[in-house]
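Only one structure is covered here, and it is reproduced in the block below.
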Amino acid sequence: MVIRSGSALLALIALCIPAFGQVQRTADGKPDFNGVWQALNSANWDLQSHAAEAGPFSALGAIGAVAPGEGVVEAGAIPYLPAAARQKQVNFEKRWTDDPELRCFMPGVPRANYMPYPFRIAQGSGPGKNTIMIVYEYADAVRTIRMGNPGKSPADSWMGWSVGHWDGDTLVVDVTSFNDQTWFDRAGDFHSDALHVVERYTPRSPDTILYEATIEDPKVFSRPWKIAMPLYRHVEANAHLMEFQCIPFAEDILYGHLRRQAANGKGDSR
Amino acid sequence: MTFTGIVAAIGLAAIPALAQNAIPRTAAGHPDLSGVWTNVTITPLERPRNLAGKEFFTPEEAVEYEKHSRETRNKDIRERGTVADVANAYNDFWWDSGTKVVKTLRTSIVVDPPDGRVPALTPERRQQLQAIADAKRKRCAQPGCEVENGGIPGPADGPEDRPLMERCLSFNNATPMLPTAYNNDYEIIETPGFVAIDVEMVHQVRRIPIDGSPHLPASVRQWMGDSRGHWEGDTLVIDTTNFNDKASYRGSDRNLHLIERLTRTDPGTIIYRFTMDDPTAFTKPWTGEIPMVKSEGLLYEYACHEGNRGMTGILSSARADEKRAKAGKNQE
Numbered sequence: 001m002v003i004r005s006g007s008a009l010l011a012l013i014a015l016c017i018p019a020f021g022q023v024q025r026t027a028d029g030k031p032d033f034n035g036v037w038q039a040l041n042s043a044n045w046d047l048q049s050h051a052a053e054a055g056p057f058s059a060l061g062a063i064g065a066v067a068p069g070e071g072v073v074e075a076g077a078i079p080y081l082p083a084a085a086r087q088k089q090v091n092f093e094k095r096w097t098d099d100p101e102l103r104c105f106m107p108g109v110p111r112a113n114y115m116p117y118p119f120r121i122a123q124g125s126g127p128g129k130n131t132i133m134i135v136y137e138y139a140d141a142v143r144t145i146r147m148g149n150p151g152k153s154p155a156d157s158w159m160g161w162s163v164g165h166w167d168g169d170t171l172v173v174d175v176t177s178f179n180d181q182t183w184f185d186r187a188g189d190f191h192s193d194a195l196h197v198v199e200r201y202t203p204r205s206p207d208t209i210l211y212e213a214t215i216e217d218p219k220v221f222s223r224p225w226k227i228a229m230p231l232y233r234h235v236e237a238n239a240h241l242m243e244f245q246c247i248p249f250a251e252d253i254l255y256g257h258l259r260r261q262a263a264n265g266k267g268d269s270r
Numbered sequence: 001m002t003f004t005g006i007v008a009a010i011g012l013a014a015i016p017a018l019a020q021n022a023i024p025r026t027a028a029g030h031p032d033l034s035g036v037w038t039n040v041t042i043t044p045l046e047r048p049r050n051l052a053g054k055e056f057f058t059p060e061e062a063v064e065y066e067k068h069s070r071e072t073r074n075k076d077i078r079e080r081g082t083v084a085d086v087a088n089a090y091n092d093f094w095w096d097s098g099t100k101v102v103k104t105l106r107t108s109i110v111v112d113p114p115d116g117r118v119p120a121l122t123p124e125r126r127q128q129l130q131a132i133a134d135a136k137r138k139r140c141a142q143p144g145c146e147v148e149n150g151g152i153p154g155p156a157d158g159p160e161d162r163p164l165m166e167r168c169l170s171f172n173n174a175t176p177m178l179p180t181a182y183n184n185d186y187e188i189i190e191t192p193g194f195v196a197i198d199v200e201m202v203h204q205v206r207r208i209p210i211d212g213s214p215h216l217p218a219s220v221r222q223w224m225g226d227s228r229g230h231w232e233g234d235t236l237v238i239d240t241t242n243f244n245d246k247a248s249y250r251g252s253d254r255n256l257h258l259i260e261r262l263t264r265t266d267p268g269t270i271i272y273r274f275t276m277d278d279p280t281a282f283t284k285p286w287t288g289e290i291p292m293v294k295s296e297g298l299l300y301e302y303a304c305h306e307g308n309r310g311m312t313g314i315l316s317s318a319r320a321d322e323k324r325a326k327a328g329k330n331q332e
């Protein structure tokens with residue numbers, strides 16, 4: 001084929017783009033994030049760079065071991081205030097008993113987005129639609145991102161109060177009104193109830209999103225800091241969320257000491 | 001007023017009137033079910049015996065029924081210090097039972113069988129449930145049992161002995177979606193090929209693919225089953241199977257096939273119809289209907305498990321009862 005003009009060349013390039021990078025769009029022209037997504041990294045073990053290590057139970061062998069990771073924190077280290085750095089160390093030492101994930105508690109934000117479970121972004125497309133729901137497989141956790149101005153959050157919560165707007169093709173979500181009960185990872189990285197997270201979801205290909213979260217908490221950190229990672233679309237034909245109802249898995253940790261046998265000794269049986 | 005002004009005025013007056021009756025639709029042309037909905041009502045699941053043969057209230061009868069319900073319902077009237085008092089721990093403030101009958105003026109949620117009553121359980125299922133109840137009673141002849149919702153003592157050796165509500169696993173309002181103690185709110189997001197329904201109590205999220213995919217293999221069982229949706233005209237049909245052995249509604253078992261039909265009949269209403277088809281539990285399938293009414297409020301997080309001090313209290317109390325009984329025996 002002979003290219004006779006610049007515009008024909010442009011047209012040809014335009015035709016080629018869908019295969020490589022065209023952003024899927026909803027009927028109202030916004031990037032279409034509908035689908036099942038998951039992070040593929042070890043940030044849930046530790047946001048910062050870390051080597052592999054043995055898990056707490058040797059009986060679990062390699063299954064229970066910590067996966068290594070180069071870290072997802074921009075500029076390397078999380079800028080803890082001195083007292084908070086000491087608290088993080090205490091958390092780290094108690095991580096096998098104190099991580100809220102052990103108890104099947106809702107994980108908060110941004111942790112929900114890089115847990116080793118898929119999540120579904122459900123984005124309405126009709127005219128005037130102003131709500132996006134993120135449904136997480138882990139613990140039936142869920143958050144609703146309300147676009148525009150939904151008013152003030154009535155109370156602190158585990159998953160926070162998510163308010164969204166579009167910055168060009170980037171979905172920006174401002175999340176506030178957290179409680180101080182969640183951790184960022186299994187390494188004890190933590191925050192207070194003053195946590196403020198600004199998330200940015202930017203399409204980087206049909207099947208990947210660049211996910212960035214800026215974390216601000218003046219009670220715990222000396223300055224805002226940022227994590228970034230790609231999110232990957234589950235492209236398999238049967239990409240659906242299943243149930244990860246983990247309450248029954250956590251009941252021993254929460255209530256085991258109150259079981260009849262534990263409380264009354266082995267000799268007591270009916 | 002100029003001619004254009006008149007046209008504009010007519011236009012402004014006419015458009016809202018039309019828009020009020022139009023059902024919002026998605027880009028794909030389906031009715032858009034998105035929004036926050038509530039199904040709170042005082043209409044009972046089963047038709048009361050004194051209303052036998054009466055499918056609908058007249059408007060006057062509805063008002064009378066609502067008045068009677070308001071006057072006779074009061075969980076604050078109770079004798080302090082009794083077991084019944086403790087079992088009814090929540091006073092009237094906490095219960096969100098509504099004040100109105102359903103807007104269709106039906107006298108029961110059950111519409112089929114026509115008598116408005118849930119059909120009898122199969123003899124096998126009745127026997128099974130009886131055996132479970134007998135085993136409970138036998139265990140509770142000894143100390144260490146705790147009153148369950150409804151006032152009957154149940155074993156409390158560990159959390160798995162306790163009802164699903166106390167464990168924050170289910171409030172029996174997700175499959176099917178029917179009113180419960182409080183927080184009778186649902187947020188629906190409809191997207192191309194997928195519908196999510198966030199059940200406020202207890203942030204159970206129904207995940208409903210509408211992509212022609214088959215159910216999970218029969219060997220895989222889940223608390224809320226496995227839902228798949230499809231459109232029949234303007235009605236969203238949700239087909240759910242693969243329930244586990246522990247989730248149950250009115251005696252249903254793992255073989256429940258739940259068929260739900262959501263039809264947005266006007267901007268403010270979804271008519272929700274569900275059929276419970278479970279040949280090993282019920283002698284015949286039965287169907288209920290309840291309107292879901294558009295709510296202007298938002299859904300908020302209901303973190304039940306995260307704040308479950310109740311379970312700690314229940315098990316501690318059972319252990320204390322055992323200790324007391326043992327001490328009593330030693331003194332004899």
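Those sequence lines, one after another, are chains G and W.
At position 136 of the first sequence the residue is numbered 136 (the working numbering), and the sequence of numbers has no breaks.
At position 64 of the second sequence the residue is numbered 64 (the working numbering), and the sequence of numbers has no breaks.
Heads up, the beta-carbon is just placed ideally off N, CA and C, and yes, glycines get one too.
From a predicted model like this one, the values you see are computed outputs, not experimental measurements.
{"Item": "Where K94/G and T175/W are concerned, what is the direct C-alpha to C-alpha distance, given to the nearest angstrom?", "Value": "39 Å"}
{"Item": "According to the neighbour-count rule (16 or more other Cβ atoms, all chains shown, within 10 Å of its Cβ), is Y253/G buried or exposed?", "Value": "What sits at residue 253/G in the sequence shown is Ile, not Tyr. I253/G is exposed by the Cβ-count criterion."}
{"Item": "Look up G150/W in the DSSP assignment and say whether it is helix, strand or coil.", "Value": "coil"}
{"Item": "Would you call the CB atoms of D193/G and D185/G closer than 8 Å?", "Value": "no"}
{"Item": "Starting from the beta carbon of H50/G, find every residue of chain W whose beta carbon is closer than 8 Å, and list them in chain order.", "Value": "Result: empty, since nearest Cβ-Cβ is about 28 Å, beyond 8 Å."}
{"Item": "List the residues of chain W whose Cβ lies closer than 8 Å to the Cβ of Y255/G, in chain order.", "Value": "G158, P159, M311, T312 and L315"}
{"Item": "Is it buried or exposed for S222/G, if we count other Cβ within 10 angstroms and need 16 for buried?", "Value": "exposed"}
{"Item": "Give every residue of the same chain whose Cβ lies closer than 7 Å to the Cβ of A39/G, excluding the five residues on either side of it in the sequence, and list them in chain order.", "Value": "N113, Y114, M229 and L231"}
{"Item": "Can you have a look at I132/W and say buried or exposed, based on whether 16 or more other CB atoms are within 10 angstroms of its CB?", "Value": "exposed"}
{"Item": "Determine the burial state of Q204/W: buried for a count of at least 16 other Cβ atoms within 10 Å of its Cβ, exposed for fewer.", "Value": "buried"}
{"Item": "Please tell me whether V205/W has its Cβ less than 8 Å away from any Cβ of chain G.", "Value": "yes"}
{"Item": "Does any residue of chain G bring its CB to less than 8 Å from the CB of Y186/W?", "Value": "no"}
{"Item": "Between V90/G and chain W, is any beta-carbon pair separated by less than 8 Å?", "Value": "no"}
{"Item": "Looking only at DSSP bridge pairs, what is V36/G linked to?", "Value": "R120/G"}
{"Item": "Suppose you measure from the CA of K219/G to the CA of D32/G; what does that come to, to the nearest Å?", "Value": "36 Å"}
{"Item": "Compute the Euclidean distance between the alpha carbons of N130/G and L195/G, then round it to the nearest angstrom.", "Value": "25 Å"}
{"Item": "My guess is that T41/W and V102/W are in contact by the Cβ rule of under 8 Å, so how many angstroms apart are they, rounded?", "Value": "5 Å"}
{"Item": "Can you tell me the Cα-Cα spacing of L336/W and P179/W, whole angstroms?", "Value": "Outside the displayed range of chain W (1 to 332) lies residue 336/W, so it cannot be described from this structure."}
{"Item": "Compute the Euclidean distance between the alpha carbons of G76/G and M224/W, then round it to the nearest angstrom.", "Value": "42 Å"}
{"Item": "Measuring only the C-alpha atoms, how far is M242/G from L51/W?", "Value": "43 Å"}
{"Item": "Against I109/W, what residues of chain G qualify as contacts under a CB-to-CB distance less than 9 Å, listed in chain order?", "Value": "Near I109/W there are no residues of chain G at all, since even the closest Cβ is about 26 Å away, more than 9 Å."}
{"Item": "Tell me whether R204/G is buried or exposed, calling it buried when 16 or more other Cβ atoms sit within 10 Å of its Cβ.", "Value": "exposed"}
{"Item": "Residues of chain W with a CB under 7 Å from the CB of A263/G: which are they?", "Value": "R319"}
{"Item": "Give me the DSSP bridge partner(s) of G81/W.", "Value": "DSSP, once it has assigned bridges, lists no residue as partnering G81/W."}
{"Item": "So which residues on chain G does L298/W lean against when the C-beta distance must stay under 7 Å?", "Value": "P150"}
{"Item": "Any C-beta of chain W sitting closer than 8 Å to the C-beta of S269/G?", "Value": "With a pLDDT of 40 at S269/G, under the threshold of 50, the modelled position of this residue cannot be trusted, and the question is left open."}
{"Item": "Counting only beta-carbon separations shorter than 8 Å, does D207/G have a partner in chain W?", "Value": "no"}
{"Item": "Taking L169/W as the query, report the chain G residues whose CB atoms sit under 9 Å from its CB, ordered along the chain.", "Value": "Q245, I247 and P248"}
{"Item": "Taking 8 Å as the CB-CB limit, is H215/W close to chain G?", "Value": "no"}
{"Item": "Would E79/W be called buried (16 or more neighbouring beta carbons within 10 Å of its own) or exposed?", "Value": "exposed"}
{"Item": "Starting from the beta carbon of E251/G, find every residue of chain W whose beta carbon is closer than 9 Å, and list them in chain order.", "Value": "G158, P159, E160, R167 and M311"}
{"Item": "Does DSSP put W223/W in a helix, a strand or coil?", "Value": "coil"}
{"Item": "Mind checking if A303/W is an interface residue toward chain G, Cβ cutoff 8 Å exclusive?", "Value": "yes"}
{"Item": "What is the DSSP secondary structure of R4/G, counted as helix, strand or coil?", "Value": "The predicted model places R4/G with a pLDDT of 45, which falls under 50 and marks its position as unreliable; any figure quoted below should be read in that light. R4/G falls in the coil class under three-state DSSP."}
{"Item": "Output the boundary residues of the alpha helix (DSSP H) element that contains Q181/G.", "Value": "Segment: none, Q181/G is in no alpha helix (DSSP H) and carries neither H nor E."}
{"Item": "Taking 8 Å as the cut-off, decide whether the C-beta atoms of W45/G and A62/G are in contact.", "Value": "no"}
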